[in-house]
Amino acid sequence: MSKEAKIYNFMGQRKLAAGLSILMLIVALGSLVVNGLQFGLDFTGGTQIEVGYEKPANLQDIRDRLENAGFEGAVVVFFGEETDVLIRLQRGFEPGLGDEILAALKKDTASEMSVRRVEFVGPQVGEELKNDGGIGMLFALAVVMLYVAMRFQYKFSVGAVAALIHDVIIVLGVFSVFHLDFDLTVLAAVLAVIGYSLNDTIVVFDRIRENFRKLRGETPAEVINGSLTQTLDRTLITSGTTIMVLLALFYFGGEMIHGFATALLIGIFVGTYSSIYVASNVLLSMNISKEDLMPPVKEGEDLDEVP
Amino acid sequence: MLNRYPLWKYLLILIIATIGVIYAAPNLYEPDPAVQISGQSGATVIDERTLSMATKALDEAGIKYFGEESNGKSALLRLENLDQQLSAKKVIQQKLGYNYVVALNLAPTTPEWLRSFGAEPMKLGLDLAGGVHFLLEVDTKSAIAKRLESTVSEMKSKLRTAKLRYQSVRLGDDNVITASFKTAEVRDSASNEIRSEFPNLTRESVDEPNRFLIVMTMSEQAVSEIEDYAVSQNLTTLRNRVNELGVSEPIVQRQGRNRIVVELPGVQDTAEAKRVIGKTANLEFRLEAKPSELVTRKEAFPFRSELDQRRFGDAFLERNLIISGDHVANAKSSFDSQTSQPQVNITLDSFGGTKMHRATRSNVGRRMGVLFIEYKTQMDYKVNEAGEQIAIPTQIIEKKIISLATIQSALGVQFRITGLDNTAEASELALLLRAGALAAPMYFVEERTIGPSLGAENIGVGVKSAQIGLALVLVFMLLYYRVFGLAANIALALNIVLLIACMSILGATLTLPGIAGIVLTVGMAVDANVLIFSRIKEEIANGLPPQSAINSGFDRAFTTILDANITTLIVAVILYAIGSGPVQGFAVTLSIGILTSMFTAIMGTRALVNLIYGGRRRVEKLWI
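Taken in sequence, the protein lines are chains B and D. Our numbering puts the first sequence at residues 1 to 307. Our numbering puts the second sequence at residues 1001 to 1624.
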């Protein structure tokens, strides 16, 4: 890489990108309002069924049978004895459910079993998680804005938070549009996306700040393009390694990790995109200039000269 | 000279790495499947004889075991095959009978020298290894009775304020409140008053010779609201109790109308688990009864401390309670700043604060008692007709005074209890006050061990995918950054070791998504190294000589890494402070990951790079 290396004109496409982002946000928000999220067993609760077998039970067989009978995502565990099995389903409690399960388990098999108990179970996470989580998120955004405004400048904090909100809404939106199960592991993934997106944005901002300070007659758009080009190498490698891990989890990880990997894969793509086309874009739209980033030390010196 | 670390920095890294390895190492030793035998009551002795009966049962069933040991209170038998754990439990239980608790256990195989550092492996989550399942029943009846009692006392004071003379207001056994009046007119206006003040009571007027009654019952809706409140309040308390840091991955959920399921991973020692959940206690704050008080309005209680009991004997408290323990938001032990006497600072919620203020403002100088109520389950054993021994649980309620102190001034949301003998007593009281925040008593109904919720196959693919992901990152770094990539990979390995060490020390539970999370952290943790290496490459492109390029690359990337990580850390800290349960757990892991990755990526990689290139006079080309 030499000094005269090609500078990619990222900001040339900013209007197009802004349009794309707005479109994605509208679709995501629309779907979240209309469809909502399809919450998993962790959030909704469901029905718990205790089944007693005559002979030791084969759990994998039970899992497969339930899957085939349309009870997806059932949790099946041994309950104290090898002959007792506890099944948790997302389906809400209804009177005929026990018989339905029994029919599915009995189909084409000689093994004898009986349903001992069918009961409703509540969600694994409390209501307070939703409320506190929402408040926590808002509070976290406020503090991040404050910190970025302090370390950089308020225009940067608007950009960073805009990118963050953009990413979270789009990840949730994808889960809503495609009716993917939203469970606790997906929640963890969304929180991880927040961490990743913020990290990525700050790295880009850092370079933009640096380049604005040693500005020599370039326009703001040129500075931003230059900074994005300089960090492009790093952006691609970091997102690349993370995506490698996620692809491995996605393809080989099995059902349990699937949702987690899906949410993060979307999150990493959107998070990388948003650092360039949301965070930097906002910065440019707010007319960021060299004056915004004059090191604050100088102000102090000026003040000292006042008698 | 550029790129040389002082000796102390190398030593510091070495020491931290060693500590990390020691505390992470126990996770390498796979635990043995085992069966644990303990007594139903503390008095049962588990000795060689019990052990030999158990081993005989296993021999007969053809189950291979080893390393059997007993310590008088419990015995542990390790099994060779995990699949035989449940059948081993069954045959031993049959052999020993129901005076013994036979539980599944996973016996750690951590070597003695590691255990001497207090190093222990992480617990495996419910999805990977199963755990123990408890079913608790919330005594909603007593919650309703308690609510009605306070309704009665409130009603009396409302009627008095409204100048409506009543003969009596009583709570019957069947949760019926009966108020009796001399004339029909007073009764009718009282009925109106009650309608507006207590809308959730259904009223019925009954005329009897010489007295006019209002018979009141709570509406079905109000009853179920109280039940819901009691169950959900207990649910929250239990969640906080079993998952203080948010990293223990339990399941706590409601089952049916008034039951709560608690599933704990790994703690297959059920006695231990019961101790954690089982503090089913409650508190009541009541005024001390005046000596002139009617017998029907006061109750005698013993003191909890035996010393106080001997000194004062039973004390009389009013039957009316001011508030109960579910309104205690927090309690901490501390010292009085002036007298340096131990004390307990109590914080109530706003409802509790209002009630407390109202009750104490007109009673300064009287004493207030804190009543500690414990619900215990006692097991009686009987032989039924079929000759089987069955356990019959009986519930006992114990009410004792933990503190009786003079009210110095009107109390509000925050107040303190003084007059405690020593700091131990103060911290115990604070603990009891915090633990006592149950809205209604709870009983253990059932306990069972449960197997892993994921099949062996699922666990296998999950772990394998994590390994593949990790390997891909390592190979990529090595190919792309060569010598520097090697340094980064060593730092990454150290990062994983430190992360696992911290999680083990915190007592975190490892689940399959948790493993995926750790690998993901690695994928993201390379970022710091990538930032540094990209900078070094840039500096070389700008024409700096290798040594200065290394130095300036590390220096200039540092602020970027710091800014990026601190911002993420802020998010993690706030999520921890405000979130609950799994969100908190995630925040803890994320914070640890950020800190360890900053340490290893910046200091660790630098140390390695310095070792390789630092001090060399002539470095022509960097392998980067």
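Beta carbons are placed, not taken as given, at the ideal position from N, Cα and C, and that holds for glycine. Just so we're clear, the structure is a prediction, and the values are computed from it rather than from any experiment.
query                                                                                                                                                                : result
Closer than 7 Å by C-beta to B:Gly259: which residues in its own chain qualify, once you throw out the five before and the five after it? Chain order, please.       : Leu180, Asp181, Asp183, Thr185, Val186
Output, in sequence order along the chain, the residues in the segment 1515 to 1536 of chain D whose CB is closer than 8 Å to any CB in chain B.                     : Ala1516, Gly1517, Val1519, Leu1520, Val1522, Gly1523, Met1524, Val1526, Asp1527, Val1530, Leu1531, Ser1534
Closest by CA to D:Gly1369, which one among D:Asp1349, D:Ser1333, D:Pro1342, D:Asp1314?                                                                              : D:Asp1314
Quick one: using the 10 Å Cβ neighbour count with 16 as the cut-off for buried, is D:Arg1448 buried or exposed?                                                      : buried
Within the 7 Å Cβ cut-off, does B:Arg151 reach chain D?                                                                                                              : yes
Are the C-beta atoms of B:Tyr154 and some chain D residue less than 7 Å apart?                                                                                       : no
Which bits of chain D does B:Gln60 rub up against, with CB to CB less than 8 Å?                                                                                      : Gly1455, Glu1457
DSSP three-state call for D:Ala1103: helix, strand or coil?                                                                                                          : strand
Against B:Gln230, what residues of chain D qualify as contacts under a CB-to-CB distance less than 9 Å, listed in chain order?                                       : Ser1534, Glu1538
For the candidate residues B:Ser114, B:Gly126, B:Phe79, B:Gly195, whose alpha-carbon lies nearest to that of B:Leu102?                                               : B:Ser114
Does chain B have any CB closer than 7 Å to the CB of D:Asp1563?                                                                                                     : yes
Check the C-beta distance from D:Thr1568 over to B:Gly195 and give it rounded, since I have them as a contact under 8 Å.                                             : 5 Å
Using a threshold of 7 Å, state whether the C-beta atoms of B:Arg14 and B:Asn211 are closer than that.                                                               : no
Give the interface partners of D:Phe1586 over in chain B, defined as CB-CB distance under 7 Å, in chain order.                                                       : Ala188, Leu191
Whole-angstrom Cβ separation of D:Leu1106 and D:Pro1033, contact assumed at under 8 Å?                                                                               : 6 Å
If we call anything under 7 Å between Cβ atoms a contact, is B:Leu86 one with B:Glu112?                                                                              : no
To which residues does DSSP link D:Ser1350 through a beta bridge?                                                                                                    : Answer is none; D:Ser1350 lacks a bridge partner.
Run through chain D and tell me which residues come within less than 9 Å of B:Leu37, C-beta to C-beta.                                                               : Neighbours of B:Leu37 on chain D: none; closest Cβ ~16 Å, over 9 Å.
For D:Ile1450, would you say it is in contact with chain B, using Cβ-to-Cβ distances shorter than 7 Å as the test?                                                   : yes
Which residues in chain D have a C-beta closer than 8 Å to the C-beta of B:Met244? List them in chain order.                                                         : Gly1469, Leu1472, Val1473, Phe1476, Gly1523
Report the three-state DSSP secondary structure of D:Pro1582 (helix, strand or coil).                                                                                : helix
Helix or strand or just coil, what does DSSP make of B:Arg88?                                                                                                        : strand
In this structure, does DSSP put D:Phe1134 in helix, strand or coil?                                                                                                 : strand
What do you reckon, are the CB atoms on D:Ser1180 and D:Gln1167 nearer than 7 Å?                                                                                     : yes
If we call anything under 7 Å between Cβ atoms a contact, is B:Ser157 one with B:Ala163?                                                                             : no
Helix, strand or coil, according to DSSP, for B:Val121 in the structure here?                                                                                        : strand
Any idea if D:Phe1117 is buried or exposed, counting beta-carbon neighbours within 10 angstroms, 16 or more meaning buried?                                          : exposed
Is there a Cβ from chain B that is less than 7 Å from the Cβ of D:Leu1575?                                                                                           : yes
Would you decide whether D:Met1442 is buried or exposed? Buried here means 16 or more other CB atoms lie within 10 Å of its CB.                                      : buried
At which residue ranges does the segment 1164 to 1191 of chain D contain complete beta strand (DSSP E) runs of 3 or more residues, listed in the order of the chain? : 1168 to 1171, 1177 to 1181
When you compare the CB of D:Ser1591 with every CB in chain B, is at least one pair closer than 7 Å?                                                                 : no
For chain D, find out if any of its Cβ atoms is closer than 7 Å to the Cβ of B:Met1; answer yes or no.                                                               : Confidence at B:Met1 is low in this model, with a pLDDT of 40, below 50, so its placement is unreliable and the value that follows should be read with caution. So yes, B:Met1 belongs to the interface.
Can you tell me whether D:Gln1221 is buried or exposed, with buried defined as 16 or more other CB within 10 angstroms of its CB?                                    : exposed
Does the Cβ of B:Glu305 have 16 or more other Cβ atoms within 10 Å, making it buried, or fewer, making it exposed?                                                   : Low confidence applies to B:Glu305: its pLDDT is 44, below 50, so where it sits in the model is not reliable enough to give any reading.
I'd like to confirm the pairing. Which residues does DSSP put opposite D:Arg1367 in its beta bridges?                                                                : D:Thr1406
For a contact defined as C-beta to C-beta under 8 Å, what are the partners of D:Gly1579 on chain B?                                                                  : Leu129, Asp132, Gly133, Gly136
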